[in-house]
Amino acid sequence: MSIFHDLIYDYTLRNVALGSAVLGIVSGVLGCFAVLRRQGLMGDALSHAALPGVCLAYMLTGSKTPVTLMLGAAAAGWIGMLIILQITRRTRIDPGSALGIILTVFFGLGVVLLTVIQKGNDANQAGLDKFLFGQAAALVESQVVTMAVIGGIALLIVTALYKEFKLLAFDAEFAGTLGLRTHALGTLLTGLLVVAIVIGLNTVGVILMSAMLVAPASAARQWTNSLSHMILYSALIGALSGLVGAVLSVVETGVPTGPVIVLCLAAAVIFSLLFGSAQGIAWDWVRRLKRRNGMKETTT
Amino acid sequence: MPAVYVRDLTVAYEEKPVLWDLDLDIPTASLTAIVGPNGAGKSTLIKTILGLVPAAAGTIRIFGEPYGRNRKAVGYVPQRGSVDWDFPTDALDVVMMGLYGKLGWIRRPSRRERDVALNCLEQVGMSDFAKRQISQLSGGQQQRVFLARALAQDARLYFMDEPFAGVDATTEIAIVGILKTLRDAGKTVVVVHHDLETVPDYFDRVALLNVKLIATGPIAEAFSRDNLQKTYGGKVAFLDR
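Residue numbers (numbering that gives the first Met the number 0), protein chains in the order written: chain S, 0 to 299; chain L, 0 to 240.
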């Protein structure tokens, strides 16, 4: 079992494993709230919106340190989020269209900036395009540490405000009558989604990042009817899929990490949809089959 | 001092008035039905009083104070259809949400809150369903859970948005019983109600609403054929009783 040995002692593999596990946990937890608030596509829009932030941060500072690029991504993601929320609250444009507009405009701008950067004769620029599909093999220790720290802060906030976030997701109107500032709380929760996205930039990339948010939560929902358990399972599924996908992409050289992780997530979702103990459809078939057989026995 | 005091209230969605220049007093320890045709602004009236919908003009007082300063005196039962019943939670957990306002930020519900919530479930006859996932409850049971959550708020004034919508006959009787118990205990209950026939049996007072307030007062005075004609515009066939 040399792979386990390498996970601990090989520098690259250890970073990949830790980084993708951190990402899986943070996005698994925050994804639950996004899915339950029917904001599954929000993650997609915001992750695409982060790309121009990465490019601008590099163009302005000339630096590729993880903190600089993450800050740029977060800023762009938050700006995208605020625009989406304002469009939804103040105009008659429906939320889906608002997401579509921001996703395409920001991503378009990001691709243009990326091209501009690559056309410039700047030897240092190489590698910014890995943010499109992610490249876990390029993770360095400082990135993993940064991811863990900001992810940890996001999880602390979720833990502290768990009861408020739960009420917001289930019954925002009732939360409002209790005096909770639902707009502010909703903005904070969506803002934390941006944090999860920023953590996933290196590993999964902006294009497929939303899978990291939506898939673990959807799979976890199939196994439980309790929110706290759903969050726990979602974090586990996210961490496992992230880890397996990232390690596979590193070992089987040359494949971008994002797509491999997405395939692992897809397997988890399909398995859960079929066999999940709370909502899995296989159990429905079994019950129906039993009932039919039962009827046959009584009629014959 | 009335439980609810409303003067010159006007509410508009996108320039279109939903409530127009409304004056309304609701006395304490009364059971009031708000009735009126679809689009009359019944839910909007409740939501405006609760600060969920902004008023274009007017004054609202709850026991003499703005709502923001008297939140803990008020309980709310939203329309059952306003939430996703597939949310991963059970009946007991939903009832405990009624205690979040008193708990304040960050603090988690403890054993004490759990016992209060269980007691409220018992009052609505739902003790056996405490641990049931909420999507597996019938419409009537879901409505009772919402009512139990409001009871957990231990308020002096309750607003309920169509608590009888889509419930079975047993639940309807149970809910009416709880409303009357609340009133007899000195609480004020305001209910958006659809079924005109049951108004005189279930309530002491009525507010007839159709964008403007047509009439309000004790059933014997306000719930007249004349006022109903004005509210519904001659479409009330059952009134020949």
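Using N, Cα and C, we set each Cβ at its ideal position, and we do this for glycine too.
Who pairs with D89 (chain L) in a beta bridge, going by DSSP? In DSSP, D89 (chain L) forms a bridge with L:Q132.
Margin query: Tell me the residue span of the beta strand (DSSP E) that contains A197 (chain L).
Written below: Per the sequence presented here, residue 197 (chain L) reads as Thr, with Ala not at that position. Where T197 (chain L) is concerned, there is no enclosing beta strand (DSSP E), given that its DSSP letter is neither H nor E.
Item checked: Within the stretch 110 to 197 of chain S, ranges of the alpha helix (DSSP H) (whole runs, at least 4 residues) -> Those alpha helix (DSSP H) runs which fall completely within the stretch 110 to 197 of chain S and span 4+ residues are 129 to 132, 140 to 159, 161 to 169 and 171 to 176.
Q) Per DSSP, M159 (chain L) forms a beta bridge with which residues? A) Per DSSP, the beta-bridge partners of M159 (chain L) are L:V76 and L:V190.
So, is the C-beta of Q132 (chain L) closer than 7 angstroms to a C-beta in chain S? Taking Cβ atoms only, chain S reaches closer than 7 angstroms to Q132 (chain L), which makes this a yes.
field: Contact between the stretch 220 to 240 of chain S and the stretch 99 to 109 of chain S (3+ Cβ pairs under 8 angstroms)
entry: No: fewer than three Cβ pairs fall under 8 angstroms.
Q: Count the CB pairs spanning the stretch 81 to 92 of chain S and the stretch 14 to 29 of chain S that are closer than 8 angstroms, and state whether there are at least three.
A: Too few Cβ pairs lie closer than 8 angstroms, so no.
- Message: Between T176 (chain S) and chain L, is any beta-carbon pair separated by less than 7 angstroms?
- Response: True, the Cβ-Cβ gap to chain L drops below 7 angstroms.
Under a Cβ-count criterion, where at least 16 other Cβ atoms within 10 Å of its own Cβ denotes burial, should L154 (chain S) be classed as buried or exposed?
-> Counting Cβ neighbours within 10 Å, L154 (chain S) comes out buried, since at least 16 surround it.
**Q.** Residues that L44 (chain L) contacts on chain S, provided the C-beta gap is smaller than 8 angstroms
**A.** For the C-beta of L44 (chain L), not a single chain S residue is nearer than 8 angstroms; the gap to the nearest is close to 14 angstroms.
_Using C-beta distances below 6 angstroms, list every residue in its chain close to R204 (chain L), excluding the 5 sequence neighbours before and after it, in chain order._
When the five nearest sequence neighbours on each side are left out, the beta carbons in the same chain lying within less than 6 angstroms of the beta carbon of R204 (chain L) are those of S29, T31 and P217, in order along the chain.
Let's test the definition: count the other Cβ atoms within 10 Å of the Cβ of V250 (chain S) and tell me whether it reaches 16, buried, or not, exposed. By the neighbour-count rule (16 or more Cβ atoms within 10 Å), V250 (chain S) is not buried but exposed.
Quiz item: Straight-line CA distance for N292 (chain S) to Q278 (chain S)?
Solution: One Cα belongs to N292 (chain S), the other to Q278 (chain S), and the distance between them is close to 23 angstroms.
Inset, instruction - Using three-state DSSP, classify V203 (chain S) as helix, strand or coil. - result: Here DSSP, grouped into helix, strand and coil, assigns V203 (chain S) to coil.
* Using a C-beta cutoff of 7 angstroms, does D170 (chain S) count as contacting chain L? -> Yes, D170 (chain S) counts as interfacial toward chain L.
* To do: Could you tell me how far apart the beta carbons of M80 (chain S) and V193 (chain S) are, in whole angstroms, since I believe they sit closer than 8 angstroms?
  => The pair is a contact, with the Cβ atoms about 6 angstroms apart (cut-off 8 angstroms).
| Exposure of Q142 (chain L), with buried meaning 16 or more beta-carbon neighbours within 10 Å | Counting C-beta atoms within 10 angstroms of its own C-beta, Q142 (chain L) has 16 or more neighbours from the protein chains shown and is therefore classed as buried.
| message | Does K118 (chain S) pass the burial test, meaning 16 or more other C-beta atoms within 10 Å, or should it be called exposed? | response | K118 (chain S) comes out exposed.
| said: I need the straight-line Cα distance from A90 (chain L) to V203 (chain S), nearest angstrom please. | reply: Near 38 angstroms, if we compare the C-alpha coordinates of V203 (chain S) and A90 (chain L).
Exercise for the section: Please list the partners that L91 (chain L) has in chain S, where partner means a Cβ-to-Cβ separation under 8 angstroms. Expected result: In chain order: nothing, as chain S lies at least about 11 angstroms away.
- Do F132 (chain S) and G257 (chain S) have their C-beta atoms within less than 7 angstroms of each other? Closer than 7 angstroms, so yes.
| query | By the criterion of Cβ-Cβ separation under 8 angstroms, what are the contact partners of M229 (chain S) in chain L? | reply | For a Cβ distance threshold of 8 angstroms, residue set P87 of chain L lies close to M229 (chain S), ordered along the chain.
**OP:** Take F86 (chain L) as the anchor and find which of S:L272, S:L177, S:R37 and S:T64 has the nearest alpha-carbon.
**Re:** Among S:L272, S:L177, S:R37 and S:T64, the Cα nearest to that of F86 (chain L) belongs to S:R37.
Query - Nonlocal neighbours in the same chain, by C-beta distance under 8 angstroms from D167 (chain L), ignoring five residues either side - result: Taken in chain order, the residues that qualify are S137, G138 and G139.
Checklist entry - Which residues mark the beginning and the end of the beta strand (DSSP E) in which I25 (chain L) is found? => result Per DSSP, I25 (chain L) belongs to the beta strand (DSSP E) from K15 to I25.
Check: Which of the three DSSP states, helix, strand or coil, is assigned to E251 (chain S)?
Finding: In the structure shown, E251 (chain S) falls within a coil segment according to DSSP collapsed to helix, strand and coil.
*Proximal chain S residues relative to V82 (chain L), where beta-carbon distance stays under 7 angstroms*: Those within 7 angstroms of V82 (chain L) in chain S are F169 and D170.
- Comparing alpha-carbon positions, which option in L:A214, L:L212, L:E171 and L:G185 lies nearest D200 (chain L)? Residue nearest to D200 (chain L) within the set L:A214, L:L212, L:E171 and L:G185 is L:E171 (criterion: CA-CA distance).
### Message
For A216 (chain S), report the span of its alpha helix (DSSP H) as first-last.
### Response
A216 (chain S) -> alpha helix (DSSP H) spans M208 to R220.
Considering T223 (chain S), what are the terminal residues of the beta strand (DSSP E) in which it resides?
Counted as a single uninterrupted DSSP element, the stretch harbouring T223 (chain S) is not any beta strand (DSSP E), since DSSP gives it neither H nor E.
Can you confirm whether S225 (chain S), when its beta carbon is compared against all beta carbons of chain L, has any partner nearer than 7 angstroms? For S225 (chain S), the answer is yes, since a Cβ of chain L falls inside 7 angstroms of its Cβ.
*So is L166 (chain S) in contact with chain L if we call contact Cβ pairs under 7 angstroms?*
For L166 (chain S), a Cβ of chain L is located within less than 7 angstroms of the residue's own Cβ.
Note to self: Which residues does DSSP list as the beta-bridge partners of I241 (chain L)?
What the structure shows: Past the edges of chain L, shown from 0 to 240, lies residue 241 (chain L), and the structure says nothing about it.
query = Are G237 (chain S) and I260 (chain S) closer than 7 angstroms when you measure CB to CB?
reply = Not a contact, by the Cβ cut-off of 7 angstroms.
Worksheet item: DSSP beta-bridge partners for K211 (chain L)?
Response: L:N209, per the DSSP bridge assignment.
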